[in-house]
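One structure is given below, encoded as structure tokens.
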Amino acid sequence: MKKNWSNTVLVAYVLLPKIVKELNFGIESRVKSSFQSKHLKIGVSNEQLISEIIALTDEKRKIVNLRYLINESLNKMKDKSREILADRMFHKLTFEEISKARNIAMRTTFRRLENAEAEFAKNLSSLGYDESALQKDFANDKYISSIYKRLQNDKYFVAKNM
Numbered sequence: 006m007k008k009n010w011s012n013t014v015l016v017a018y019v020l021l022p023k024i025v026k027e028l029n030f031g032i033e034s035r036v037k038s039s040f041q042s043k044h045l046k047i048g049v050s051n052e053q054l055i056s057e058i059i060a061l062t063d064e065k066r067k068i069v070n071l072r073y074l075i076n077e078s079l080n081k082m083k084d085k086s087r088e089i090l091a092d093r094m095f096h097k098l099t100f101e102e103i104s105k106a107r108n109i110a111m112r113t114t115f116r117r118l119e120n121a122e123a124e125f126a127k128n129l130s131s132l133g134y135d136e137s138a139l140q141k142d143f144a145n146d147k148y149i150s151s152i153y154k155r156l157q158n159d160k161y162f163v164a165k166n167m
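Residues in the sequence shown are numbered consecutively from 6, following this note's numbering.
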């Protein structure tokens with residue numbers, strides 16, 4: 006099972022609150038601009054400003070929804086799977102650190118992480134977000150797609166980061 010996009014959203018998970026904060030700033034600054042008509046002074050039409058506010062609000066909705074779906078997928082996982090996934094993805098522990106902390110063999114660590122990633126991807130898919138749905142919704146998202154591209158060129162999900 007390919008897990009490129011599900012791994013991408015796992016890596017993005019810890020960044021989602023920051024992304025929402027940035028989107029909120031963009032929305033709020035445009036709304037404030039509309040009250041003071043600053044946008045008109047710099048040559049931005051009302052229609053363009055409203056269009057930007059709607060686009061940012063829609064992007065924020067998608068990001069907030071994604072965070073909810075990730076939480077739901079994580080909550081459906083077995084505790085051991087969720088914990089090892091959190092250690093690797095959110096706490097950025099190496100395989101060696103996870104192995105020592107859990108007192109398990111390195112090979113077991115790799116296998117459990119692989120199984121946890123598959124379980125997460127399956128849970129996400131059961132909520133309507135399989136790889137193709139994630140690709141459709143986030144391939145053009147400037148935040149999530151940049152993480153996806155970075156992961157495609159990185160060896161994060163292999164033994165390099167022991």
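Backbone N, C-alpha and C fix where the C-beta goes; we use that ideal spot for every residue, glycine too.
Taking all protein chains in view, the Cβ of TYR73 is surrounded by fewer than 16 other Cβ atoms within 10 Å, so the residue is classified as exposed. For the set THR62, ARG93, GLY133, the Cα lying nearest the Cα of VAL25 is the one of THR62. In the displayed model, MET94 falls within a helix according to three-state DSSP. Taking the Cβ atoms as the reference, VAL14 lies roughly 7 Å from LEU139, within the contact range of under 8 Å. For the 8 Å CB-CB criterion, PHE100 and MET82 do not form a contact.
When the five nearest sequence neighbours on each side are left out, the beta carbons in the same chain lying within less than 6 Å of the beta carbon of VAL19 are those of PHE95, in order along the chain. For SER131, the secondary structure class from DSSP, reduced to helix, strand or coil, is helix. Going by DSSP, TYR73 is part of the alpha helix (DSSP H) stretching over 51-80.
An exposed status is given to VAL36, since fewer than 16 other beta-carbon atoms sit within 10 Å of its beta-carbon.
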